[in-house]
Amino acid sequence: MNAPVLMFALPLLTAFLLPVIDRLSGLAGRWIGPLVLVGNLLLGALAWPHLQDAPLVLAMGGFRPPLGIVFYVDRMAMLFAMGVALGVLLLWPAWAQDKDRVRISTLTMVLVTATTGLALSGDLFNLFVCYELAAISSYGLAAAGGSAAAGAATLRYMVISSFGSALMLIGIALVYQATGTLNLAQLAVLSDALAGPQGLIAFIFILLGAGVKAELFPVNAWVPEVYGAAAQRVAGILAGIVSKLALLIIVRLLVLVFRQPEAQQILLVLGVLGVITGELAAWRAQDLTRMLACSSIGQLGVMFVAFSIPGPAGVFAGLAVALHHMLVKPALFLLAERWGGALTRLPGAAQKSPLAAACFVLLALSLVGIPPLPGFWAKFLVVTAALGQGTPAYAGAVAVILAAAVIEASYLARVAAHLYRRVTQPLSANRQTRAAVTVATCASAALVSATLWLAPLGNSLQVTAAQAADRDSYIHNVFPQGVQP
Amino acid sequence: MTPDIGQVLFCGSFGLVIIGIFGIVLTNHLVRIVLSIALLETGANLLLVMSGYRPGAAAPILVDGTVPASMVDPVPQALVLTAIVIGVAVQAFMMVLVLRVHTAYGTLDIREIRTLLERDITHAAGVPLPVSPDEPLAQPHTVLHRGAQ
Amino acid sequence: MRRYLALLLLMLMALLLLAVAMQFGFGAAPMRVGSAINSAAPGQVGAANIVTSVVLAYRGIDTLGELAILFTAATAAGLLLGQRPATTQPDPEAGFILRHAADLLFPLLLVVGLFIIVHGHLTPGGGFQGGVILAAAFFLPLLARPASRFRHGVFGVVEALAGAAFIGIGLLALTDGGPFLQPMLGKGVLGHLVSAGTLPLLYAAVGLKVGTELAGLMAGIAAYEARDP
Chain C
1 MNAPVLMFAL PLLTAFLLPV IDRLSGLAGR WIGPLVLVGN LLLGALAWPH
51 LQDAPLVLAM GGFRPPLGIV FYVDRMAMLF AMGVALGVLL LWPAWAQDKD
101 RVRISTLTMV LVTATTGLAL SGDLFNLFVC YELAAISSYG LAAAGGSAAA
151 GAATLRYMVI SSFGSALMLI GIALVYQATG TLNLAQLAVL SDALAGPQGL
201 IAFIFILLGA GVKAELFPVN AWVPEVYGAA AQRVAGILAG IVSKLALLII
251 VRLLVLVFRQ PEAQQILLVL GVLGVITGEL AAWRAQDLTR MLACSSIGQL
301 GVMFVAFSIP GPAGVFAGLA VALHHMLVKP ALFLLAERWG GALTRLPGAA
351 QKSPLAAACF VLLALSLVGI PPLPGFWAKF LVVTAALGQG TPAYAGAVAV
401 ILAAAVIEAS YLARVAAHLY RRVTQPLSAN RQTRAAVTVA TCASAALVSA
451 TLWLAPLGNS LQVTAAQAAD RDSYIHNVFP QGVQP
Chain A
1 MTPDIGQVLF CGSFGLVIIG IFGIVLTNHL VRIVLSIALL ETGANLLLVM
51 SGYRPGAAAP ILVDGTVPAS MVDPVPQALV LTAIVIGVAV QAFMMVLVLR
101 VHTAYGTLDI REIRTLLERD ITHAAGVPLP VSPDEPLAQP HTVLHRGAQ
Chain S
1 MRRYLALLLL MLMALLLLAV AMQFGFGAAP MRVGSAINSA APGQVGAANI
51 VTSVVLAYRG IDTLGELAIL FTAATAAGLL LGQRPATTQP DPEAGFILRH
101 AADLLFPLLL VVGLFIIVHG HLTPGGGFQG GVILAAAFFL PLLARPASRF
151 RHGVFGVVEA LAGAAFIGIG LLALTDGGPF LQPMLGKGVL GHLVSAGTLP
201 LLYAAVGLKV GTELAGLMAG IAAYEARDP
């Protein structure tokens, strides 16, 4: 059963060979990227039935862990790996001019490889390498617009991100020094060695490092600028897909390795701060792109709060919010491709593209959390799980999340009001592209069908989350005979 | 009592990290920021290598098939190999971006670049530039001085 | 204000680092995986350089990722540099010393680079180190004679094929029934040039890819003319 490894290796092979392929046949160069992504989806679907009973543990190179690197493919990992393929397929950068097309396609394929590796890997340093790979391909994509603003915004992003990566490297050095291994399962067995101050500091450093991409407070200063200056599709990919995979690193570490309550408390505090700063900044924003970007920060803060809740309930709630955000945000950014810009330019947009406006309203309603849409259930899960903890800290977090939902509703309603305002003069708003309308409609349809089939989807997700949060079975799956050294 | 070379390197790695962090935050010149990042990454790599150090142990290479009595940890050395290459790749791309930004904005001062960046983004979005209420009305908003550094 | 806040945060971070330094248990590495690899590697992989066996065999996926990172950086740089073609005249030829030294050094650098790549599994060195020397070798003529044309096309094809070769060798193991990136071709005698299975081939692919890639990147930057302020 090598499908997960092929999901990692084939996009990378395509990326390496794309210049040669394109030289041989322009048509092949144009279509091989999406074809490989479809292939990834098929491979994932092929492997999915095998994951129902137990996760797949694939030893790279045939070297048994902990000497070698393992790919640990449980349901959550495969879910995200397929989500990456689907998301990038829908947001495929078709906007590139011809001379840049090959390079941008190459960068996109590398990004797919990196995020798939982040989902599937079971080794701490391999996660770091995949994270760096995702980082550098995202730098390239963000700067690809060619405008000076894109370059400067990417530069600022790179400075913050390099700082975070160095911190993450120091954190990994601390972990290795304390335990002598990098395999996540063996680290889980040895997590007592990391229970002290050295372990906590290592966690903080790794958190700050991975948090740059996951838009954690305080290393998210790059978000409004990069989303404002880069292409909207790239912003959609970054906000919708890459940030979730960066979050996945932290989730795996919290579940398996760093089990001290201080780690969860730090995550809770930073999550709440992220919600507050993100939503307030979104409320003050005067253009749609900045609003969506800051709203992303707020939503990711909610996810951090959810994942800081110990136990399967926290993972369940966090996964629900993450998957919902992964569906909604890229669609919103795609709509912002034509509607990006000052809100004052929006009146009349609903008259020109009524379907797109209706989709926008539906997506916004789900984002805020209006019943019976899935967004409401996701936030409800977070609130109940947090209140179930019973501590004042979590109660405060719940209050912040509810207040943030109110703020979200107010600024999204403002946008909707602008969209639907009737104008009689020549309409200044742009008409939506067919691609954007198609994707937005698909996302809305997915939301509606998720609402209709909420119970079975919820149960399936709960099983996934329980499997992901089960530390002992993780260790047992990787080391059936126990750990040797 | 001369310190062991390992201890010197160990302290040095922390020193490099701290110098690098302070450099990133305190300096305004883009190229110096890139150099500070290089220092920071060097310090982090050195720390990672030192995490596998054992005093008196030999390098993990078998010369003429003889196995030394004790060898240092080969894994951090492999990790650092990867980390150095990653650092090189990122720094190379950063310098290319610095070139582009210098061509476009004419300055290497990060404060000016931030202001110009904000201006460009808000201009592209069609949003009016946020004006501070304390700003004197007499001076109109002009393009900032685009001098060569 | 922002500056003072940042300074405060940094002081905190410096203190944190110093606290870590105190606790760091330096010199007493637990070496769980390290000792196991030290004892198992010569027999299992067959390379005299145990670090190489870690890089290419035990942690081959990381090396693949690292290769991809360098490739991505070069691609992204090419994307940005290519958007402003050099329109002004190239720099004049370098002086006597540089020109003739470059002519002398070029074959020397090639030999040293190839030596380090090929002997990566026996002595310290390997694909990345040798590849950088190769890149310097390819770039040196351009420094001496900036007007000479750099063959981006040839280098691009070599780079693509070398990278594909690395993954191809890994995928070949799949056809053999083994997992991805399993070393094949028999271990040979420890310490000989032809030993450690596919490891020297992997390092050769790495070295060629890194060399051509970095040379192309540096040539691209050299061709980029900055606008006069």
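Protein chains in written order, with our numbering: chain C, 1 to 485; chain A, 1 to 149; chain S, 1 to 229. Ideal Cβ positions, reconstructed from N, Cα and C, are used throughout, including at glycine.
Proximity of the region 382-389 of chain C to the region 298-312 of chain C meets the contact definition, three or more beta-carbon pairs being nearer than 8 angstroms.
Residue 118/A holds the alpha-carbon nearest to the alpha-carbon of residue 226/C among 76/A, 134/A and 118/A.
Taking every protein chain shown into account, the CB of residue 418/C has 16 or more other CB atoms within 10 angstroms, so this residue is buried. For residue 63/A, no beta strand (DSSP E) segment is defined, and its DSSP state is neither H nor E. Counting C-beta atoms within 10 angstroms of its own C-beta, residue 11/S has fewer than 16 neighbours from the protein chains shown and is therefore classed as exposed. For the pair residue 38/C and residue 89/C, the CB atoms are nearer than the 8 angstroms cut-off.
Residue 238/C sits away from residue 288/C, with the two beta carbons spaced by 8 angstroms or more.
Per the DSSP secondary-structure output, residue 46/C pairs with nothing in a beta bridge. Of the candidates 221/S, 6/S, 65/S and 51/S, the residue whose Cα lies closest to the Cα of residue 25/A is 6/S. At a cut-off of 8 angstroms between C-beta atoms, residue 22/S does not count as an interface residue with respect to chain A. Listed along chain C is no residue with a C-beta nearer than 7 angstroms to that of residue 224/S; the closest approach is about 13 angstroms. Residue environment for residue 25/S: exposed (fewer than 16 other C-beta atoms within 10 angstroms of its C-beta). Taking a Cβ-Cβ threshold of 9 angstroms, the residues of chain A close to residue 26/S are 6, 7, 10, 50, 51 and 53, in chain order. The Cβ atoms of residue 125/C and residue 79/A sit closer than 8 angstroms to each other.
Within the DSSP bridge table, the entry for residue 71/A names 58/A as partners.
When secondary structure is reduced to three states using DSSP, residue 258/C falls in the coil class, being assigned neither helix nor strand.
Contact with chain S is found for residue 62/A, since one of that chain's Cβ atoms lies less than 8 angstroms from the residue's Cβ. Contact annotation, residue 166/C with residue 178/C: C-beta distance approximately 19 angstroms; criterion of less than 8 angstroms not satisfied. The C-beta of residue 94/A comes closer than 8 angstroms to at least one C-beta of chain C.
Contacts with chain C at 8 angstroms (Cβ-Cβ) do not include residue 7/S. Runs of the alpha helix (DSSP H) spanning 4 or more residues and lying entirely within the region 384-432 of chain C occur at 392-420, in chain order. Using a C-beta cut-off of 8 angstroms, the region 39-54 of chain S makes contact with the region 199-209 of chain S, since at least three inter-stretch Cβ pairs fall below that distance. Measuring C-alpha to C-alpha distances from residue 31/C to each of 161/C, 175/C, 141/C and 101/C identifies 101/C as the nearest.
Taking the beta carbon of residue 120/A as reference, the chain C residues within 7 angstroms of it are 148 and 149, listed in sequence order.
The Cβ-Cβ distance between residue 306/C and residue 385/C falls below 8 angstroms. Taking 8 angstroms as the cut-off, the Cβ atoms of residue 77/A and residue 49/A count as close. Listed in chain order, the non-local C-beta contacts of residue 41/S below 6 angstroms within the same chain comprise 50 and 53, local neighbours out to five positions each way being set aside.
As computed with DSSP, residue 71/C is found in a beta bridge with 58/C and 121/C. The contact set of residue 34/A on chain S, defined by CB atoms closer than 9 angstroms, is empty, because the minimum CB distance reaches about 14 angstroms. Judged by their CB atoms, residue 19/A and residue 17/S are not nearer to each other than the 8 angstroms cut-off. With respect to the 8 angstroms criterion, residue 253/C and residue 303/C are not classified as neighbours on the basis of their beta carbons.
Interface flag for residue 196/S against chain A is unset, since no Cβ pair is found closer than 8 angstroms. With a 10 Å radius around the Cβ and a threshold of 16 neighbouring Cβ atoms, residue 339/C comes out buried. Taking a contact to require three or more Cβ pairs closer than 8 angstroms, the region 260-276 of chain C and the region 98-109 of chain A do not qualify as touching. When the alpha-carbon of residue 218/S is set against those of 63/S, 168/S and 74/S, the nearest one is in 74/S. Nearest CB-CB separation between residue 111/A and chain C: not below the 8 angstroms threshold.
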